[in-house]
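Read through the structure below, which is laid out as structure tokens, and then see the notes.
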Amino acid sequence: MYSNINSKDIINNIDIGLIGLNKKKEIILWNDWLEKYTQKSSDQTLGKKLDEVFPELMQYSANSRIISAINNALEFDFPAVLSHAFHKSPFPLYLPDSKILLQQAVSITPLEYDSSKSCLIQIQDVTPATLREKNFEAVVQELKKTQKALIEEKNNAEKANSLKSTFLSIISHEIRTPMNAIIGMVHLALQTKLSIPQLDYLKKINVSAHNLLSIINDILDVSKIEAGKLSIETVDFYLHDVLKNVFTVISGNAHQKNIPLILDASSDLPLMLHGDPLRLEQILTNLSMNAVKFTDQGKVVIHIKLVNSSKNTIDLLFSVQDTGVGMTHQQQTELFIPFTQLDSSTARKYGGTGLGLTICKELVELMGGQIHIESQLGLGSNFYFTLQFEKVASEVVSGYQLPDNLNNIRVLIITDNNNDKLFYLKMLESFNLSVDEADGYEQGKKLLQHAALMNQPFHLVLLDWQIVKNIISFDTAEDLTKELRLSKEAEIILLHSDKDLEDILTRVSGIDLNHLLLKPVSPTSLYDHIVTLFEKKLMDSESEANPLKGSRILVVDDNDFNLQIACEILERAGIIAEAVSEGIKAVELIKNSIKLHTPYDAVLMDIQMPNMSGLDATQIIRQWEQQYSEHKAIPIIALSANAMVDDADKSLASGMNEHLSKPINPNKLLKSLRQWIEIHSKQDQDIDLNSN
Amino acid sequence: MTNSVNLDPLEEDFLIEIFNLGIGQAAASLSMMLQQEIEISVPEVRFIKFCDVSHHINASHDICCVTQSMESDFEVQSMLLFPEENSLEIVRCLMKESFSDEMILELQQEAILEIGNIVLNACIASFSKAIQVHFKIAPPLFEKLDSQNLSHSTFDKENVVFFVKVNLHLSESLIDGNVLFILKSESMRILQQKLHAILLSL
Chain B
1 MYSNINSKDI
11 INNIDIGLIG
21 LNKKKEIILW
31 NDWLEKYTQK
41 SSDQTLGKKL
51 DEVFPELMQY
61 SANSRIISAI
71 NNALEFDFPA
81 VLSHAFHKSP
91 FPLYLPDSKI
101 LLQQAVSITP
111 LEYDSSKSCL
121 IQIQDVTPAT
131 LREKNFEAVV
141 QELKKTQKAL
151 IEEKNNAEKA
161 NSLKSTFLSI
171 ISHEIRTPMN
181 AIIGMVHLAL
191 QTKLSIPQLD
201 YLKKINVSAH
211 NLLSIINDIL
221 DVSKIEAGKL
231 SIETVDFYLH
241 DVLKNVFTVI
251 SGNAHQKNIP
261 LILDASSDLP
271 LMLHGDPLRL
281 EQILTNLSMN
291 AVKFTDQGKV
301 VIHIKLVNSS
311 KNTIDLLFSV
321 QDTGVGMTHQ
331 QQTELFIPFT
341 QLDSSTARKY
351 GGTGLGLTIC
361 KELVELMGGQ
371 IHIESQLGLG
381 SNFYFTLQFE
391 KVASEVVSGY
401 QLPDNLNNIR
411 VLIITDNNND
421 KLFYLKMLES
431 FNLSVDEADG
441 YEQGKKLLQH
451 AALMNQPFHL
461 VLLDWQIVKN
471 IISFDTAEDL
481 TKELRLSKEA
491 EIILLHSDKD
501 LEDILTRVSG
511 IDLNHLLLKP
521 VSPTSLYDHI
531 VTLFEKKLMD
541 SESEANPLKG
551 SRILVVDDND
561 FNLQIACEIL
571 ERAGIIAEAV
581 SEGIKAVELI
591 KNSIKLHTPY
601 DAVLMDIQMP
611 NMSGLDATQI
621 IRQWEQQYSE
631 HKAIPIIALS
641 ANAMVDDADK
651 SLASGMNEHL
661 SKPINPNKLL
671 KSLRQWIEIH
681 SKQDQDIDLN
691 SN
Chain C
1001 MTNSVNLDPL
1011 EEDFLIEIFN
1021 LGIGQAAASL
1031 SMMLQQEIEI
1041 SVPEVRFIKF
1051 CDVSHHINAS
1061 HDICCVTQSM
1071 ESDFEVQSML
1081 LFPEENSLEI
1091 VRCLMKESFS
1101 DEMILELQQE
1111 AILEIGNIVL
1121 NACIASFSKA
1131 IQVHFKIAPP
1141 LFEKLDSQNL
1151 SHSTFDKENV
1161 VFFVKVNLHL
1171 SESLIDGNVL
1181 FILKSESMRI
1191 LQQKLHAILL
1201 SL
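Listed in order, the protein sequences are those of chains B and C. What the first sequence shows, in my numbering, is residues 1 to 692, in sequence order. What the second sequence shows, in my numbering, is residues 1001 to 1202, in sequence order.
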């Protein structure tokens, strides 16, 4: 079909340049394409040598490649390709009417022509492709620039976020200091003589201050979560101490809303666990607080169930169930995002920062569990999680040792709640006490009478208010003692729920608070009650003085308010408190007191102080004591706003005996002082004996 | 050197020398063209069967390949192989401007084609001069092959391959590649005859 087409037509219409060269490099083929880009016709070029037509070709060493390629084709029949990547414009070809060089891709093919060697040079215009490449590269570079900017932006955002976390952590710390002063002062003020309105105002200030403190603690925790610095400690603890604290915090709110807060703990739970009690308490408090907040009628129940027990570990399922407003599926998915409330009106109606659940989720995960939620709009929610704890060796479980003189106490438990009874039994037995139990009031009375007859009277009765409140009528605590035919030496502890407290206080006038124990009962609260009730008795009988009375304690704090609070708490306990506001001065005072053989009985030391921190001061004192003091190391207790585990570790590492965090819990402080002073004076006596 | 092909030591040495010369010439040509110092060393020459080529190529993914077939009274397929990532590194090193990875990928085919052309021409020249055979040489072709499926090509598993490892020293990089001369068994026989004759005449 194409046989009639003249090959010359093809050669001149093809869109590539064709140059034919014979052995002598004379041009034997020159197509129209070349004429277009050189303005030289075939008449002007045919028969001429290539370097005559393109003298520039021979001038530059960069052209050596094309020259040697042509030579190799003509001499050795080697084909060659010249990429425009390396050679932009091997031939001086220009776009028509311009000085713009044509970008070229060249190939050289050896041929045989008239029985002699020749070659064909093909030149392709790659200018458009090159332009496309150039544009492409520009786009890519632009993209890279944008990408780089985005990465930089991301880094900046991360940096800003980390700065934000740092700022939050600093500001929270700064807020805690005055908050501690407020809480401490309110505590002191509450113990003074007040009018009814004043008492009301102060109680409300107290509640608000504690609420504010917990918000600040939440912010501090979130900033720690974001910085990846939240850590979990592992210590032995009583599970019910945690639950007791949760109930103490929540019961006020629950009581106000008239929502019963119920503990449903199975009876097979161990007394002690090994894990992080503070964080567990934080999770349960947060979840329960939410449950109460979003429940207007019905109840809130904390269930705890043993789901698995191996040789060394125990898995407990915790759940906090309410009959509140509930959530839609969509709301459930957004639940754990920080700062998110179900909707903005939620924040207005129910309050809160929206941080609690984020923290709970993070804490549960840090402890190796996962938090789940079941909820139905209008019916209520159930938050649950399983955590694994290490078991505590049985010899450690009986951690609470009653004083020797209290070992012979006989205890009777009267309650119809089987679960509670089993738990009380377990607790009391861990204190090494002999315990009997009664299912109801009548049976209890019989047991008491029998014991009296046999001359083996009970010394302590744990009586569930639920059982007696509708059966007997009494006006005073003595009436109850009489009713139960107890001896005067015997003590009763009424176990009651939060909502019964008012009822008891109105019905039993003059009842001592030491005789009331709020449920849920924890080992610590029960222990404290027993010791307080019976030690008071022992002390009264032996008219023994308060062991702390007359002790001299040095309080070191750079904040005047904190100094005042600590000193007043100490003075109320009959302690002689001395205040100093600088670490350096504290070191001098302590050294002098030791030199004069009138050492302080203990030191309460703030951590963060200008010039010399509490840690440094303690280290100096400990070193000095080692070299110069004949006395045993003076008890130094850290009293600091830093409440983290590693803060406590640092305090202990510096040589302190204990780390207590602010705001000051007066009972805890006095208990700790009593413990350390007792140990210290005993050790010091030993030293005296040895030296004598 | 463990060879699976029966060449006597003299023949082997002769061929190794031929490839060394060819590669040396290729390096000189490239240096001149790119006006930068380019060294190519030949750490190893092997004679293997085609089916073993994959094992000897240090590539996990794609292989960039430039081939030029040579024909006279026997046929040889010459090949320059680079693992894909090495070929991109070569282009990056040889470009006078610094380009994005995307642009390097765009230029890869053309640039490697020309480099292959120069290296293979130099090897062929040296080979053809040494055995005194004039080859008709086809223009170079660029291909991307899967390293695992090299054997899918038209060659017989038993075909003999002169397997030459080459190291390109570019700027601060050392880049591995391979030059292959593949002969069908009939061609191998003819080549051996020629080698024999040449070595006898020396």
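Note that the Cβ used here is the ideal one computed from N, Cα and C, for glycine as well.
Helix, strand or coil at residue i according to DSSP, with G and I counted as helix
i: B/Thr328; result: coil
i: C/Glu1172; result: coil
i: C/Met1095; result: coil
i: B/Thr415; result: coil
i: B/Glu233; result: coil
i: B/Gly17; result: strand
i: B/His372; result: strand
i: B/Pro403; result: coil
i: B/Pro110; result: strand
i: C/Gly1177; result: strand
i: C/Leu1183; result: strand
i: B/Gly380; result: strand
i: C/Val1133; result: coil
i: B/Gln147; result: helix
i: B/His631; result: coil
i: C/Ala1028; result: helix
i: C/Asp1146; result: strand
i: B/Ser541; result: Confidence at B/Ser541 is low in this model, with a pLDDT of 48, below 50, so the placement of that residue should be treated as unreliable; the coordinate-derived value is given next. Helix.
i: B/Thr386; result: strand
i: C/Ser1072; result: coil
i: B/Leu431; result: The sequence as given places Phe at residue 431 of chain B; Leu does not occur at that position. Coil, per DSSP.
i: C/Glu1037; result: coil
i: B/Ile664; result: coil
i: C/Thr1067; result: strand
heavy atom of the ligand COA below 6 Å from residue i C-beta
i: B/Asn286; result: No copy of the ligand COA appears in this structure; indeed no ligand is present at all.
Assumed close pair residue i, residue j - CB separation to whole angstroms, cut-off 8 Å
i: B/Ile576; j: B/Ser551; result: 7 Å
i: B/Asn657; j: B/Ile677; result: B/Asn657 to B/Ile677, Cβ: 11 Å. No contact.
i: C/Asn1121; j: B/Phe78; result: 5 Å
i: B/Leu589; j: B/Leu554; result: 6 Å
i: B/Phe318; j: B/Leu366; result: With 8 Å as the limit, B/Phe318 and B/Leu366 do not qualify as a contact, their Cβ atoms being about 15 Å apart.
i: C/Leu1168; j: C/Ile1090; result: 6 Å
i: B/Ala73; j: B/Pro96; result: No, B/Ala73 and B/Pro96 are not in contact; Cβ-Cβ is about 29 Å, not under 8 Å.
i: B/Val53; j: B/Lys36; result: Between B/Lys36 and B/Val53 the Cβ distance is about 15 Å, and since that is not below 8 Å, they are no contact.
i: B/Thr295; j: B/Thr323; result: 6 Å
Which residues DSSP lists as bridging residue i, in chain order
i: B/Trp676; result: According to DSSP, B/Trp676 bridges with nothing at all.
i: B/Asp264; result: B/His303
i: C/Arg1046; result: C/Phe1163
i: B/Gln39; result: The partner list for B/Gln39 (beta bridge, DSSP) is empty, contrary to what the question assumes.
i: B/Phe458; result: Answer is none; B/Phe458 lacks a bridge partner.
i: B/Asn180; result: Note: B/Asn180 sits in no beta bridge, so no partner.
i: B/Trp30; result: B/Ile19
i: B/Ala438; result: B/Ile414
i: B/His659; result: B/Ala638
i: B/Ser118; result: B/Asn22, B/Leu111
*asked:* Runs of 3 residues minimum, wholly inside the stretch 574-624 of chain B: which ones carry the beta strand (DSSP E) assignment?
replied: 576-580, 602-605
*Let me know the beta strand (DSSP E) ranges lying completely inside the stretch 268-342 of chain B, each 3 residues or longer, listed in chain order.*
272-275, 300-309, 313-322
*Quick one: complete alpha helix (DSSP H) runs, 4+ long, within the stretch 465-534 of chain B?*
465-468, 477-483, 501-507
_When you compare the stretch 1079-1087 of chain C with the stretch 1187-1196 of chain C, are there three or more beta-carbon pairs, one atom per stretch, that lie closer than 8 Å?_
no
*May I have a chain-ordered list of the alpha helix (DSSP H) segments no shorter than 4 residues that lie completely inside the stretch 69-106 of chain B?*
none
*Per the contact definition of three or more C-beta pairs closer than 8 Å, is the stretch 406-417 of chain B in contact with the stretch 447-462 of chain B?*
yes
*Counting pairs of beta carbons, one from the stretch 1110-1117 of chain C and one from the stretch 88-100 of chain B, are three or more of them closer than 8 Å?*
no
_Touch test, the stretch 461-480 of chain B against the stretch 431-449 of chain B, Cβ-Cβ under 8 Å, three pairs minimum_ = yes
*asked:* Below 8 Å, how does it come out for the stretch 658-670 of chain B and the stretch 623-642 of chain B: are there three or more Cβ pairs, yes or no?
replied: yes
_For the pair the stretch 1067-1077 of chain C and the stretch 1179-1187 of chain C, tell me if three or more CB-CB distances fall below 8 Å._
yes
*Validate contact between the stretch 98-106 of chain B and the stretch 125-143 of chain B using beta carbons, cut 8 Å, 3 pairs*: yes
*asked:* Within 8 Å, do at least three Cβ pairs link the stretch 1156-1176 of chain C to the stretch 1045-1052 of chain C?
replied: yes
*Would you be able to state if there are at least three C-beta pairs under 8 Å between the stretch 64-71 of chain B and the stretch 30-44 of chain B?*
no
_Between the stretch 556-574 of chain B and the stretch 179-188 of chain B, can you find at least three pairs of beta-carbon atoms closer than 8 Å?_
yes
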